[in-house]
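**Student:**
There are 2 protein chains.
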Amino acid sequence: MNNAGMDAAPQSQPHVVIVGGGFGGLSAAQALRKAPVRITVIDRNAHHLFQPLLYQVATAALSSSDIAEPIRAILRRQKNAEVLMGEVTGVDKARREVMLRDHAPIPYDHLIIATGARHSYFGRDDWERFAPGLKTLEDARAIRNKLLLAFEGAELEDDPARRQALLTFVVVGGGPTGVEMAGSIAELAYSALPSEYRHFDSRSARIILIQSSNKILQSFPDDLIEKALRDLKRLGVEVRTGEKVDCIDETGVRMKSGEKIASRSVFWAAGVTASAAGRWLEADTDRAGRVWVEPDLSLRDHPEIFVIGDTAHIRDQDLPGIAPVAKQQGHYVAQQIEQLIQGQPALPHFQYRDQGQLATIGRAAAIADFGRLHFDGRLGWILWLIAHIYFLIGFENRLSVMIQWGWSYFTYRRGARLITLQENPEPPS
Amino acid sequence: MNNAGMDAAPQSQPHVVIVGGGFGGLSAAQALRKAPVRITVIDRNAHHLFQPLLYQVATAALSSSDIAEPIRAILRRQKNAEVLMGEVTGVDKARREVMLRDHAPIPYDHLIIATGARHSYFGRDDWERFAPGLKTLEDARAIRNKLLLAFEGAELEDDPARRQALLTFVVVGGGPTGVEMAGSIAELAYSALPSEYRHFDSRSARIILIQSSNKILQSFPDDLIEKALRDLKRLGVEVRTGEKVDCIDETGVRMKSGEKIASRSVFWAAGVTASAAGRWLEADTDRAGRVWVEPDLSLRDHPEIFVIGDTAHIRDQDLPGIAPVAKQQGHYVAQQIEQLIQGQPALPHFQYRDQGQLATIGRAAAIADFGRLHFDGRLGWILWLIAHIYFLIGFENRLSVMIQWGWSYFTYRRGARLITLQENPEPPS
Chain A
8 MNNAGMDAAP
18 QSQPHVVIVG
28 GGFGGLSAAQ
38 ALRKAPVRIT
48 VIDRNAHHLF
58 QPLLYQVATA
68 ALSSSDIAEP
78 IRAILRRQKN
88 AEVLMGEVTG
98 VDKARREVML
108 RDHAPIPYDH
118 LIIATGARHS
128 YFGRDDWERF
138 APGLKTLEDA
148 RAIRNKLLLA
158 FEGAELEDDP
168 ARRQALLTFV
178 VVGGGPTGVE
188 MAGSIAELAY
198 SALPSEYRHF
208 DSRSARIILI
218 QSSNKILQSF
228 PDDLIEKALR
238 DLKRLGVEVR
248 TGEKVDCIDE
258 TGVRMKSGEK
268 IASRSVFWAA
278 GVTASAAGRW
288 LEADTDRAGR
298 VWVEPDLSLR
308 DHPEIFVIGD
318 TAHIRDQDLP
328 GIAPVAKQQG
338 HYVAQQIEQL
348 IQGQPALPHF
358 QYRDQGQLAT
368 IGRAAAIADF
378 GRLHFDGRLG
388 WILWLIAHIY
398 FLIGFENRLS
408 VMIQWGWSYF
418 TYRRGARLIT
428 LQENPEPPS
Chain B
8 MNNAGMDAAP
18 QSQPHVVIVG
28 GGFGGLSAAQ
38 ALRKAPVRIT
48 VIDRNAHHLF
58 QPLLYQVATA
68 ALSSSDIAEP
78 IRAILRRQKN
88 AEVLMGEVTG
98 VDKARREVML
108 RDHAPIPYDH
118 LIIATGARHS
128 YFGRDDWERF
138 APGLKTLEDA
148 RAIRNKLLLA
158 FEGAELEDDP
168 ARRQALLTFV
178 VVGGGPTGVE
188 MAGSIAELAY
198 SALPSEYRHF
208 DSRSARIILI
218 QSSNKILQSF
228 PDDLIEKALR
238 DLKRLGVEVR
248 TGEKVDCIDE
258 TGVRMKSGEK
268 IASRSVFWAA
278 GVTASAAGRW
288 LEADTDRAGR
298 VWVEPDLSLR
308 DHPEIFVIGD
318 TAHIRDQDLP
328 GIAPVAKQQG
338 HYVAQQIEQL
348 IQGQPALPHF
358 QYRDQGQLAT
368 IGRAAAIADF
378 GRLHFDGRLG
388 WILWLIAHIY
398 FLIGFENRLS
408 VMIQWGWSYF
418 TYRRGARLIT
428 LQENPEPPS
């Protein structure tokens, strides 16, 4: 066998194992590119996902491959790193080994857990069947199918009440994901689809955004929230704040007030829970399942184990579950590991540098909060566009996303309106 | 409800029902755009698929949405046409109705069946599990997963024999699809992936193309077949002609000669069978399941029913199962229906106008046969590129495909290397 491409790092170097190839794990791996370590990134999906644009895959604006890239392709030139596609089942802290399904355990000298979060139904997991959430590409494809099949079903449906239930789209949760989903569904129904159906008008669709507290986009300042509400209204989204969901089933949503919203298309964007890392590590977690970590992101009494991103909760700090936090933490723990290896003093505690926040509502409408500077409408949207193109990984992805956005902007149409069947179909009919 | 977008054709006009939105069905629908008829296109997938590039989705060069487009988006401006996503279960010829699963029957005045073909295992359907074929987007995604997971599995595998079985790719069938698949897998293994794995060299992969008769690409002239063999050899594909497969199972392929090829990655491109139209129509079919039709493509004694494309076999004519045949037949039956409706004399028998044939082998290598003019190598490839870009439907698809091909051409990389899990995964790990 030819040996080219196999010049990995020497076996004698410390082994850094990173579980999870999201923003945090990838940032740690990349920050260690010149360090005298061997790196193994373990991920069950083998791809890095640009989650901030996942709602665009769910609403047929982008393709899966536009926002996902194999982790090994991203790290292909980093010779001290290898990628292992596998499913972690636990961590043996005493033996310093990561346990995998169908594979021998992987020993580590330093371990970074960056396995993110998943949507949570606050104990009502039975709602998931009727109100899918959005965290993975599989989730996005399931939501896209549900969304597009609702319109296909409406075209076949003669009963007006059943048709209206198909055309009533309810998004539960008014954070950035919920707002982006609602805005994007509204544009799909009101701008992209109207000329395509013959038995109903897609503009008769209702899009309802439900937020249990009194504010959507709570992390933003009030003036920008007002702008977002204005833009959502202009797009045709009904925003209901201070209303709580009591029950979700196949007929729709029942509110705590007793009101019933008949809907066949409910989507969940209301809460997340951390990955199973707390269980793997037998560590204390907060109510959202995040592992309590020390101010340097290490596990108490285990300076060789770090937990970062959406899976971690630093005592006395409540950081948002967003990409910049995970990236800065990945970079920080990489540096900390280098300090430890080289016998240098430990870094001061992790400090998050707030670089502002962005949320988009729809076509030429976004809000941007940079401390004292607030932007909205078209200018906010341009900033949002630039930031998202800039942070996308890979030149080809950027080009492809720019073209699809440009095309959609000028034509009002969507490029990824594909219903994908799960099962292997019979001959087409 | 708002009525915009619902100005369909008058109910009094003859109803033309087209089953299948592939090349044949779509061409018939579009040719009827100015005819005084109502058209309903029924398709179970709701999208038109550009099948000639399906192998590129299977080998991670293109995304599904690059080669598929919703049929209703293609026909959105054609006001006399509507699209119905549904699964045909039969045809009631006496009542002139198409039967659908979960929907009332659709009455027709004229019926066009254009439901294509599916790969066939010649009675060995148990091979499908181990050697998937390629006819739908779901097939393409299943093959892409199998292909990419073979490389991921090889990275994890310590046993040399098991690793080599993962890295031995066998394509059964030496027609255009088999040749294109084999060439594309060779480029993936030898050019796109070598820098990404640390525990094996992807260039140690073997790609074997098996053809039971003595010639690959049998419909091409001998000089071009020689050129194709030269190009396959240059790419690293082992071509085995005149060798028959005896058995395929999870360990690989056993040849009629007794030779055993250990392979975990076998793909089927050896035969097709027509859709179930023969059963729906209770009509006579040939051995490949194609409905015997009259020289004007109608069903005997049923001038109101036409069968076209891969589902039809005209008595005394054996036409290849390719897009130009289906398109010309779709156009012909549309004209025939117009003649019938307007009380004009029937058209003369359908005559296929051969416009030449193309097959690509890989990067800068294709063969083109235009009767007396033969092209190969780079020039053949440029002709192939132009033809495929030209015939793709939709400006955005063309642009996206051109960019991805350009990017792959200059970087040797692949833009759609995504392993997609079928089930809904647990939190990422």
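As you go down the protein sequences, you meet chains A and B in turn.
Residue numbers for the first sequence follow this note's numbering, beginning at 8 and rising by one.
Residue numbers for the second sequence follow this note's numbering, beginning at 8 and rising by one.
All residues carry an ideal CB built from backbone N, CA and C; glycine is no exception.
Model, not experiment: these values are computed from the prediction.
1. When you compare the CB of PRO77(A) with every CB in chain B, is at least one pair closer than 8 angstroms?
2. When you compare each of VAL98(B), HIS395(B) and ILE344(B) to ARG40(B) by their alpha carbons, which one comes out closest?
3. Please list the terminal residues of the continuous beta strand (DSSP E) segment that includes PHE382(B).
4. Would you call the CB atoms of PRO183(A) and HIS395(A) closer than 8 angstroms?
5. Near ARG79(A), what residues of its chain come up, given a Cβ to Cβ distance below 6 angstroms and the 5 sequence neighbours on each side ignored?
6. If you draw a straight line from the C-alpha of GLU187(B) to the C-alpha of LEU239(B), how long is it?
7. Under a Cβ-count criterion, where at least 16 other Cβ atoms within 10 Å of its own Cβ denotes burial, should PRO435(A) be classed as buried or exposed?
8. Using the beta-carbon of each residue, which ones in chain B are nearer than 7 angstroms to MET92(A)?
9. Skipping 5 residues on each side, what residues in its chain have a beta carbon closer than 7 angstroms to that of ASP383(A)?
10. Any heavy atom of the ligand FAD inside 7 angstroms of the beta-carbon of PRO201(A)?
11. Closer than 8 angstroms, CB to CB, is THR184(A) near chain B or not?
12. Using only the alpha-carbon positions, how far apart do ALA319(B) and LEU304(B) sit?
13. Put LEU156(A) into one of helix, strand or coil per three-state DSSP.
14. Quick one, are the C-beta atoms of GLN336(B) and ILE315(B) less than 8 angstroms apart?
15. Would you identify the three-state DSSP class for HIS55(A), choosing helix, strand or coil?
16. Cβ of ARG424(B) less than 8 angstroms from any chain A Cβ?
17. Under 7 angstroms Cβ-Cβ, which residues of chain B neighbour SER5(A)?
18. Output the distance between the C-alpha atoms of GLY249(A) and PRO139(A), rounded to the nearest integer angstrom.
19. Take the Cβ of ASN52(A) as the centre, count every other Cβ of all protein chains shown within 10 Å, and call the residue buried at 16 or more, exposed below.
20. Within a Cβ cutoff of 6 angstroms, which residues of the same chain sit near ALA65(A), ignoring the five residues on either side of it in sequence?
21. I want to verify the contact list: residues of chain B whose CB lies under 7 angstroms from the CB of LEU144(A), in sequence order.
22. Could you name the residues of chain B that HIS110(A) contacts, counting a contact when the two beta carbons are closer than 8 angstroms?
23. Which residues does DSSP pair with LYS267(A) in a beta bridge?
24. Helix, strand or coil for GLN362(B), going by three-state DSSP, please let me know.
25. Do GLY243(B) and ALA193(B) have their CB atoms nearer than 8 angstroms?
26. Suppose you measure from the CA of GLY413(B) to the CA of GLY422(B); what does that come to, to the nearest Å?
27. Indicate whether at least one CB of chain B lies closer than 8 angstroms to the CB of ARG205(A).
28. How far does the alpha helix (DSSP H) with PHE417(B) in it reach, from first residue to last?
29. So for VAL64(B), helix, strand or coil by DSSP?
30. In terms of alpha-carbon separation, which member of ARG322(A), ILE120(A), GLU301(A) and ARG205(A) lies closest to ALA35(A)?
31. Here's the rule: buried if 16 or more other CB atoms are within 10 angstroms of the residue's CB, otherwise exposed. What is MET92(B)?
32. State the DSSP-derived secondary structure class of LEU347(B), mapped to helix, strand or coil.
33. For a contact defined as C-beta to C-beta under 8 angstroms, what are the partners of ALA80(B) on chain A?
34. Between SER453(A) and chain B, is the shortest Cβ-Cβ distance under 8 angstroms, so that the two count as touching?
35. Taking DSSP's pairing of strands, which residues face SER272(A) in a bridge?
36. Identify the contact partners of GLN83(A) in chain B, using a Cβ-Cβ distance below 8 angstroms as the criterion.
**Tutor:** Quick look at the numbers:
1. In the first sequence, residue 77(A) corresponds to position 70, counting from 1. Yes - at least one Cβ of chain B is within 8 angstroms of the one on PRO77(A).
2. In the second sequence, the residue the question calls residue 40(B) occupies position 33. Nearest option by C-alpha distance: ILE344(B).
3. Sequence index remark: in the second sequence, residue 382(B) carries index 375 (1-based). 380-382 is the extent of the beta strand (DSSP E) around PHE382(B).
4. By one-based count along the first sequence, residue 183(A) stands at place 176. By one-based count along the first sequence, residue 395(A) stands at place 388. It is not a contact, given that the beta carbons lie outside the stated cut-off.
5. As a position in the first sequence, residue 79(A) is number 72, starting the count at 1. The answer, listed in chain order, is VAL90.
6. The sequence position of residue 187(B) within the second sequence is 180, counting from 1. The sequence position of residue 239(B) within the second sequence is 232, counting from 1. Computed Cα separation, rounded: 10 angstroms.
7. Here residue 435(A) refers to the residue found at position 428 when the first sequence is read from its first residue. Bear in mind that a pLDDT of 35 at PRO435(A), under 50, signals an unreliable position, so the number given afterwards is only what the model happens to contain. So PRO435(A) ends up on the buried side.
8. By 1-based counting over the first sequence, the position of residue 92(A) is 85. By Cβ distance, chain B contributes GLU159.
9. Looking up residue 383(A) in the first sequence gives position 376. Correct list, in chain order: LEU231, LYS234 and ILE374.
10. With respect to the ligand FAD, the structure shown offers nothing to examine, as it has no ligands at all.
11. Taking the first residue of the first sequence as position 1, residue 184(A) is located at position 177. No, because no Cβ of chain B sits closer than 8 angstroms to the Cβ of THR184(A).
12. Along the second sequence, read from residue 1 onward, the residue named residue 319(B) stands at position 312. Along the second sequence, read from residue 1 onward, the residue named residue 304(B) stands at position 297. Taking the straight line from one Cα to the other gives about 8 angstroms.
13. Here residue 156(A) corresponds to residue number 149 of the first sequence, with the count starting at 1. LEU156(A): helix per DSSP, three-state reduction.
14. Within the second sequence, the letter at position 329 stands for residue 336(B). Within the second sequence, the letter at position 308 stands for residue 315(B). Going by C-beta atoms, GLN336(B) is nearer than 8 angstroms to ILE315(B).
15. Along the first sequence, one-based indexing puts residue 55(A) at 48. Note: HIS55(A) maps to strand in three-state DSSP.
16. Counting from one through the second sequence, the residue named residue 424(B) turns up at place 417. At a cut-off of 8 angstroms, the C-beta of ARG424(B) has a neighbouring C-beta in chain A.
17. Since the first residue shown for chain A is 8 and the last is 436, residue 5(A) is missing from the structure and cannot be characterised.
18. Position 242 of the first sequence, counted from the first residue, corresponds to residue 249(A). Position 132 of the first sequence, counted from the first residue, corresponds to residue 139(A). One Cα belongs to GLY249(A), the other to PRO139(A), and the distance between them is close to 22 angstroms.
19. Locating residue 52(A) in the first sequence gives position 45, where the first residue counts as 1. So ASN52(A) counts as buried.
20. Locating residue 65(A) in the first sequence gives position 58, counting from the first residue. Excluding five sequence positions before and after ALA65(A), the CB atoms of its chain that fall closer than 6 angstroms to its own CB belong to LEU141, ALA147, ILE150 and ARG151, given in chain order.
21. Reading the first sequence from its first residue, position 137 is the one you call residue 144(A). The contacting residues are THR427.
22. Translated into the one-based positions of the first sequence, residue 110(A) becomes position 103. The answer, in chain order, is LEU163.
23. Residue mapping note: residue 267(A) aligns to position 260 of the first sequence, counting from 1. ARG261(A).
24. The residue given as residue 362(B) occupies position 355 in the second sequence. Looking at GLN362(B) - three-state DSSP - the assignment turns out to be coil, as it is neither helix nor strand.
25. On the second sequence, position 236 is the one that residue 243(B) refers to. On the second sequence, position 186 is the one that residue 193(B) refers to. Contact flag set, yes.
26. For the purposes of this step, residue 413(B) is taken as residue 406 along the second sequence, with counting starting at 1. For the purposes of this step, residue 422(B) is taken as residue 415 along the second sequence, with counting starting at 1. GLY413(B) and GLY422(B): Cα-Cα distance of roughly 11 angstroms.
27. As a first step, residue 205(A) is located in the first sequence; it is residue number 198 there, counting from the start. Closer than 8 angstroms to some Cβ of chain B, the Cβ of ARG205(A) qualifies, so yes.
28. Locating residue 417(B) in the second sequence gives position 410, counting from the first residue. Note, PHE417(B): alpha helix (DSSP H), 402-418.
29. Within the second sequence, numbered from 1, the residue matching residue 64(B) stands at position 57. Three-state DSSP puts VAL64(B) in a helix.
30. For the purposes of this step, residue 35(A) is taken as residue 28 along the first sequence, with counting starting at 1. It is ILE120(A).
31. Along the second sequence, one-based indexing puts residue 92(B) at 85. MET92(B) comes out buried.
32. Counted from its first residue, the second sequence places residue 347(B) at position 340. Correct three-state label for LEU347(B): helix.
33. In the second sequence, the residue the question calls residue 80(B) occupies position 73. In chain order: GLU203, ARG420 and ARG424.
34. The structure shown has nothing for residue 453(A), since chain A only spans 8 to 436.
35. What you label residue 272(A) is simply residue 265 of the first sequence in a count that begins at 1. BP columns for SER272(A) point to PHE176(A).
36. In the first sequence, the residue the question calls residue 83(A) occupies position 76. Here residue 83(A) turns out to be Arg, not Gln, going by the sequence shown. Per Cβ cutoff of 8 angstroms: SER202 and GLU203.
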